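So the structure is just underneath, and the comments pick up after that.
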Amino acid sequence: MDLTDACFAGAARQAELIRSGALTARDLVAECLRRIDRHDRHLNAFRLVFTRRALDEADQADARRARGEHAPLLGVPVAVKEDIPLAGLPTTRGTAAVDRPAPADGEIVRRLRAAGAVVLGRTRMPELGLWPHTESTWAGATRNPWSPEHSPGGSSGGSAAAVAAGLVGAAVGTDGAGSIRVPAACTGLFGLKPRRDRVPLTPDTDTRDGLVAAGPITRHVRDAALLLDVLAPGTDHTAAATANRTLRIAVSLRPWGPATPLHQEVRDAVLDTAGLLADLGHDVTRLDTAPRELAGPAAFAARYLHGAAAAEAALDRPDRLDRRTRAVANLGRALPPAAVRAALARQPGLTRRANRLFTDHDLLLTPVLTRPPLRVGQWRRHPTVTALLAAARLTAFLPLWNVTGNPAAAVPAGHTRTGLPLAVQLVAAPDGETTILTAAGQLERARPWTDRRPPATP
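Sequential numbering of the sequence shown, starting at 1, is according to the UniProt record's numbering.
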């Protein structure tokens, strides 16, 4: 396998190649760094690249392998989003507003390093993770490897762009309202938001009141399973990704909250995937049960805005934020405390109602986004509230599962007529990551999605 193919092979295959001696960690990491130098000047996926340290860690991985040592991710190059603490660096959260360095790696990074992974860099996100695109006035736009005129989504947009472009074998993102699933969907990747608290955010305190989860963004399902085995040990996720059991799957084209128009190619992708799952032997049922209500999305909006205000208050220099970010935080500060308490109080009842579906079904299949990826700067001239409403319509199928804490994933489902990625969402019961991995693994084997590579990053 040549080095370019190895860069696109994904974390699990890279680990196998290094373990077998077919490839050295040094050669793989050096090639990834060369690709970053070549492609990231226009993709803008990375905020920081740790060139010298990464090469040193690759050499250490090769020395460990030569001694007969084994670790699940030994020598595999990965990236982490910039809201995940790294020792000695400020946890910038997409801003220029943090000066204080983190005293230690976050638990996610500690587990990656303990498994032998080489952290190549820190990936970009929009300020405070507030948007389903990755742009700011001071950092510019992160671009989609499938089309530089389009966004890779957000808020884990840099993580997704880096994996899709073959700059790293896998990346870790965070998801408070779709921020793993959105960029995975926009870049043709598998992105899994595990259930609440499955992957520890330590030492961070979740300013979004329990909405945020961390998880993998990868080329293959088995890459994500391998990362989950490392980040959330105790379950054999890798075995689940190759299982063939039959599942009961409900299909819905109705989003949480008000009716939202679906782009025809998005609708077709969901229905085509439903047909494929039926052909694979699953029990597939159309079941549009999501409640058409305003109270639930309004309660989520209150929590989202409150979280933005809390995140801004924790910054060292909030005056450095973009004007739009400050405007969102101002909306959060204007909320009466009683409105936030009422929003939090709705969570248990909503969770019970949403999970009734999983009494009779193993999975729910829906769209991820209501339309294909956004163009870079598409909402730049929108007033803040108009942009927030547009974001809510785009992501209408996603935030419910942050409120309830259920695991949910974006699974590639082909491309638009113009070559942009399409995706579907799989949602499971609260302990159902393995169920998602099983169905997604079957979809990948039946309809492989990694044969095509983004044209902008050969």
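The beta carbon of each residue, even a glycine, is placed where N, CA and C say it ideally should be.
Note that the structure is predicted; figures quoted are calculated from it, not measured.
Just mark T325 as buried or exposed, buried being the case when its beta carbon has 16 or more other beta carbons within 10 Å.
Residue mapping note: residue 325 aligns to position 325 of the sequence shown, counting from 1. The residue in question, T325, is buried, as its Cβ has 16 or more Cβ neighbours within 10 Å.
Considering just the uninterrupted stretch of the beta strand (DSSP E) at T214, what are its terminal residues?
Locating residue 214 in the sequence shown gives position 214, counting from the first residue. Correcting the residue identity first, residue 214 is Ala in this sequence and not Thr. It spans 213-218 - the beta strand (DSSP E) in which A214 sits, taken as one unbroken run.
Using the rule of at least 16 other Cβ atoms within 10 Å of the residue's Cβ for burial, across every protein chain shown, is W449 buried or exposed?
Taking the sequence shown and counting its residues from 1, the one referred to as residue 449 is at position 449. Per the 10 Å Cβ criterion, buried.
Cβ-based neighbour list, G173, same chain, cut-off 6 Å, excluding 5 preceding and 5 following
Taking the sequence shown and counting its residues from 1, the one referred to as residue 173 is at position 173. Counting only residues of its own chain and dropping the five nearest sequence neighbours on each side, G173 has a CB closer than 6 Å to the CB of K81, S156, S159, I180, I217.
With which residues is I249 paired in a DSSP beta bridge?
Translated into the one-based positions of the sequence shown, residue 249 becomes position 249. I249 pairs with V284, L363.
According to the Cβ coordinates, are G21 and R196 closer than 8 Å?
Start at 1 with the first residue of the sequence shown, and residue 21 comes out as number 21. Start at 1 with the first residue of the sequence shown, and residue 196 comes out as number 196. No. Outside cutoff.
How about T107 and P200: are their beta carbons less than 8 Å apart?
Here the question's residue 107 lines up with position 107 in the sequence shown. Here the question's residue 200 lines up with position 200 in the sequence shown. In the sequence under discussion, the amino acid at residue 107 is Glu, which differs from the Thr named in the question. Yes, the Cβ-Cβ distance between E107 and P200 is below 8 Å.
Take the Cβ of L294 as the centre, count every other Cβ of all protein chains shown within 10 Å, and call the residue buried at 16 or more, exposed below.
One-based indexing of the sequence shown puts residue 294 at position 294. It is exposed - the Cβ of L294 has fewer than 16 other Cβ atoms within 10 Å.
Over the uninterrupted alpha helix (DSSP H) stretch that includes V270, give me the two end residues.
Position 270 of the sequence shown, counting from 1, holds the residue named residue 270. Per DSSP, V270 belongs to the alpha helix (DSSP H) from 264-279.
Kindly list the residues whose CB is nearer than 7 Å to the CB of R393, restricted to its own chain and excluding five residues on each side of it in sequence; keep chain order.
For the purposes of this step, residue 393 is taken as residue 393 along the sequence shown, with counting starting at 1. Here the set comprises T260, T370.
What is the C-beta distance between H150 and L374, in whole angstroms, given that I count them as a contact (C-beta under 8 Å)?
What you label residue 150 is simply residue 150 of the sequence shown in a count that begins at 1. What you label residue 374 is simply residue 374 of the sequence shown in a count that begins at 1. Indeed, because the Cβ distance is near 7 Å, the residues count as touching under 8 Å.
Could you tell me which whole beta strand (DSSP E) segments of length 3 or greater appear in the region 113-151?
Those beta strand (DSSP E) runs which fall completely within the region 113-151 and span 3+ residues are 118-123.
Looking only at its chain, what residues have a beta carbon closer than 7 Å to the beta carbon of D316, apart from the 5 residues adjacent to it on each side?
Position 316 of the sequence shown, counting from 1, holds the residue named residue 316. Taken in chain order, the residues that qualify are A97, V98, D99, R100.
Start and end of the alpha helix (DSSP H) containing Q425?
For this step, residue 425 is matched to residue 425 along the sequence shown. That residue, Q425, is in no alpha helix (DSSP H); its beta strand (DSSP E) goes 421-428.
Quick check: what's the CA-CA separation for E119 versus R111?
Within the sequence shown, numbered from 1, the residue matching residue 119 stands at position 119. Within the sequence shown, numbered from 1, the residue matching residue 111 stands at position 111. The sequence shown places Val at residue 119, not Glu. When rounded, the distance between both Cα atoms is 11 Å.
For T174, which three-state DSSP category applies?
Locating residue 174 in the sequence shown gives position 174, where the first residue counts as 1. Note: T174 maps to strand in three-state DSSP.
Could you check what DSSP says for F358 in three-state terms: helix, strand or coil?
The residue you call residue 358 lines up with position 358 of the sequence shown. Assigned with DSSP and collapsed to three states, F358 falls in helix.
Contact check, L122 vs R47 under 8 Å by CB: the rounded distance?
Your numbering for residue 122 matches position 122 in the sequence shown. Your numbering for residue 47 matches position 47 in the sequence shown. Correcting the residue type first, residue 122 is Arg in the shown sequence and not Leu. The Cβ separation is near 5 Å, so the contact holds.
Where H415 falls: helix, strand or coil (DSSP)
In the sequence shown, counting from the first residue as 1, residue 415 sits at position 415. If DSSP states are grouped into helix, strand and coil, H415 belongs with the strands.
Quick one: using the 10 Å Cβ neighbour count with 16 as the cut-off for buried, is Q347 buried or exposed?
For the purposes of this step, residue 347 is taken as the residue at position 347 of the sequence shown. With 16 or more Cβ atoms within 10 Å of its Cβ, Q347 is classed as buried.
Going by other Cβ atoms of all chains shown within 10 Å of its Cβ, with 16 needed for buried, is R245 buried or exposed?
Taking the first residue of the sequence shown as position 1, residue 245 is located at position 245. Its Cβ having fewer than 16 others within 10 Å, R245 is exposed.
Using a threshold of 8 Å, state whether the C-beta atoms of A161 and P152 are closer than that.
Stepping through the sequence shown from its first residue, residue 161 is reached at position 161. Stepping through the sequence shown from its first residue, residue 152 is reached at position 152. Yes, they are a contact pair.
Check each candidate in P458, P399, P367 and name the one with the smallest Cα separation from P421.
Indexing the sequence shown from 1 puts residue 421 at position 421. With distances taken between Cα atoms, P421 lies closest to P367.
Out of G178, A250, R267, A391, which one is the CA nearest neighbour of T416?
The count along the sequence shown starts at 1 and reaches residue 416 at position 416. Closest option to T416, Cα to Cα, is R267.
Looking at A117: is its Cβ nearer than 8 Å to the Cβ of P145?
Against the sequence shown, residue 117 aligns to sequence position 117. Against the sequence shown, residue 145 aligns to sequence position 145. No, these two residues do not count as a Cβ contact at 8 Å.
Compute the beta-carbon to beta-carbon distance between A31 and L3, rounded to the nearest angstrom, for a pair I have assumed lies under 8 Å.
Here residue 31 is taken as the residue at index 31 of the sequence shown, counted from 1. Here residue 3 is taken as the residue at index 3 of the sequence shown, counted from 1. Note that residue 31 is Glu in the sequence shown here, rather than Ala. Their Cβ separation, rounded to whole angstroms, is 4 Å, which keeps E31 and L3 in contact under 8 Å.
Which residues share a DSSP beta bridge with A79?
Here residue 79 corresponds to residue number 79 of the sequence shown, with the count starting at 1. Answer by DSSP bridge pairing, in chain order: G121, A171.
Would A409 and A440 qualify as a contact pair, given that the criterion is a beta-carbon distance under 8 Å?
The sequence position of residue 409 within the sequence shown is 409, counting from 1. The sequence position of residue 440 within the sequence shown is 440, counting from 1. Cβ atoms of A409 and A440: closer than 8 Å.
Strictly by DSSP, which residues pair up with L192?
Walking along the sequence shown from the start, residue 192 turns up at place 192. Paired residues: A409.
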